[in-house]
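Q:
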Amino acid sequence: MEKKHPIGKKFFAVILSAVFFLLFQPASSKSAGAPPQMIKGYTDNEVIFEVASSSDAAALERKYNLTVTPLNSSDEDTFFLAKSISGKSVQKLIRELRRDPLVKSVQKNFRYAILSRTPNDSYASEQWSLFDTESSAGGVSAFSAWDTETKKGQRNVAIAVIDTGVNPKHKDLKKNLTKGSAKGKNFEYPKKKLSDGDGHGSFISGIIAAKTNNKRGVSGGSFYNHLRVMALRFDFTTAQAITAVNYAKSKSVPVINASWGSYGDEGLDLALKDTIASYPGIFVTASGNEGFNHDDPNPNYKMYPCDFDLANIICVGASDRDGNLTDYSDYGAASVDVAAPGGTDGNELIGPDKKKSRYTSAVGSSLSAAFVSAEAGLIISKYPNLSSLQVIEIIKNSVDASPSFAGKVSTSGKVNFQKALTLAATY
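So that you can map any letter, position 329 of the sequence shown is 323 in the numbering used here, and since no number is skipped, the others follow by simple counting.
(1) Under 8 Å between the Cβ atoms of S362 and A312?
(2) Quick test of your reading: D422 and S359, contact by CB under 8 Å. State the CB separation rounded to the nearest angstrom.
(3) Report the residue from D321, A333 and K348 whose alpha carbon sits nearest the alpha carbon of C300.
(4) Using three-state DSSP, classify S246 as helix, strand or coil.
(5) Residues in its own chain within less than 7 Å of L124 by CB, not counting five upstream and five downstream?
(6) May I ask you to report which of helix, strand or coil DSSP gives T158?
(7) Take the Cβ of I250 as the centre, count every other Cβ of all protein chains shown within 10 Å, and call the residue buried at 16 or more, exposed below.
(8) If you compare alpha carbons, which of N287, W122 and A305 is closest to I201?
(9) Going by DSSP in three states, G200 sits in which element: helix, strand or coil?
(10) Let's test the definition: count the other Cβ atoms within 10 Å of the Cβ of K34 and tell me whether it reaches 16, buried, or not, exposed.
(11) Any contact of the stretch 342 to 350 with the stretch 274 to 290, i.e. 3+ C-beta pairs under 8 Å?
(12) With H, G and I counted as helix, E and B as strand and the rest as coil, what does DSSP make of I276?
(13) Quick one: Cα of T206 to Cα of G81, how far?
(14) Using the DSSP secondary-structure output, state which residues sit across from Y222 in a beta bridge.
(15) Once the 5 residues before and after P20 are set aside, which same chain residues still bring their CB inside 7 Å of it?
(16) Sort E369, V151, T158 and N103 by Cα distance to K173 and report the nearest one.
(17) Expressed to the nearest angstrom, what Euclidean distance is found between the alpha-carbon atoms of L96 and E128?
(18) From the DSSP secondary-structure annotation, give me the bridge partner or partners of C473.
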């Protein structure tokens, strides 16, 4: 049986055709900074008044001991920002100016807040991968996307993560794992409870569905926790990959995350290819971490399942904090569809560890695939009547395009959650 391998940078070598390294670093080296707070209210000791002319404003400046700044860029200034030199309160300034015949109107200098949801999770301020692009060029604009999420009226969406398993006791994961008849399974060790012997699966699951806004750890892909992970542990063989895909299919799971693969002869793995082709949902996979060009005619540069020519596969390359393709990411305009955050040394991603309720850091295109799985889940949660191919089309047509991806990624861009949800509303 052919072996498949997790696509992440590992701290140990794995067997057979390709060797990958998953750079796990203790999250204890990270400071758990508090997320930025939304600003509201108004400024101190300042008001905005309206007068007929700039000469009237000058008269008021002298009379009330103010520093006055015009707010119009012409000689016909009518609105002025006034600050009390003596430190008068806003309320007192408004009372005085309202009584003055030169003043047509007076008001507070209000503060406005960015309209995006910022979670209160411990590491949220360090999860640049979720930031809006205005704050971090490499972010997927999840914060803005979450503004369109609603607590009620959206369905919860299960995403099958076929991987090394999951830490079912992790406090940031356990409530967002599927349960009952749709719970995850341990195909590798059927007589044992579901667990994670590696940590790779827990990290991937955290990107997709860590519990958001619970004042703990990291944020997942949904603010209102509409995403659930069906963790399917397998032994990285064709046989168990097929079993896992068919199990997800039998439970009507609309998205499968497959952050693993192998180079070369796996293109002959027709059994796996046919199984994926028969799956009616979206199959998200990773491009690889060797910097290979999949468009190269050398078959050893092909990564499967990424390079299977199937309409329901979306293959994801790794981007960095600056919104560019990473040096390690595999690429290929014919097979790699989009990019998503994978991190780099010094700008790793943070996620759940396999041990207790700890966190770790990592980089790799494995992580990139998980963001796209989460994006697909968000779209389906809000617009459940869209077909799988429509969701894939939306993801591809809503990217942040960049010259860094031109000729290397078919869409020439990195995914953007907010743009995707906006586009989905038009279907």
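Every residue gets a Cβ at the ideal spot worked out from N, C-alpha and C, and that includes glycine. Remember, it's a predicted structure, so these values are computed and weren't measured experimentally.
A: In this structure, then:
(1) Yes.
(2) Outside the shown range of the chain, which is -5 to 421, sits residue 422, and nothing can be said about it.
(3) The residue from D321, A333 and K348 with its alpha-carbon nearest to that of C300 is A333.
(4) In this structure, DSSP gives S246 a state outside helix and strand, which the three-state scheme calls coil.
(5) Here the set comprises G133, V134, A136, F137 and S213.
(6) Here T158 sits in coil by DSSP.
(7) The residue is buried, with at least 16 neighbouring Cβ atoms inside 10 Å.
(8) Among N287, W122 and A305, the Cα nearest to that of I201 belongs to W122.
(9) In the structure shown, G200 sits in a helix (DSSP, three-state: H, G or I).
(10) Its pLDDT being 44, under 50, K34 is placed unreliably in this model, and the coordinates cannot settle the point.
(11) Note that the stretch 342 to 350 does not touch the stretch 274 to 290; fewer than 3 beta-carbon pairs, one per stretch, sit closer than 8 Å.
(12) I276: strand per DSSP, three-state reduction.
(13) Rounded to the nearest angstrom, the two C-alpha atoms are 42 Å apart.
(14) The sequence as given places Arg at residue 222; Tyr does not occur at that position. Listed as beta-bridge partners of R222 by DSSP are A152.
(15) At P20, the pLDDT of 26 sits below 50, so the modelled position is not reliable; the number obtained from the coordinates is stated separately. Hits under 7 Å: T354.
(16) Looking at E369, V151, T158 and N103, the one whose alpha-carbon comes closest to that of K173 is V151.
(17) Spanning the two alpha carbons is a distance of roughly 41 Å.
(18) There is simply no residue 473 to check, as the chain begins at -5 and stops at 421 in what is shown.
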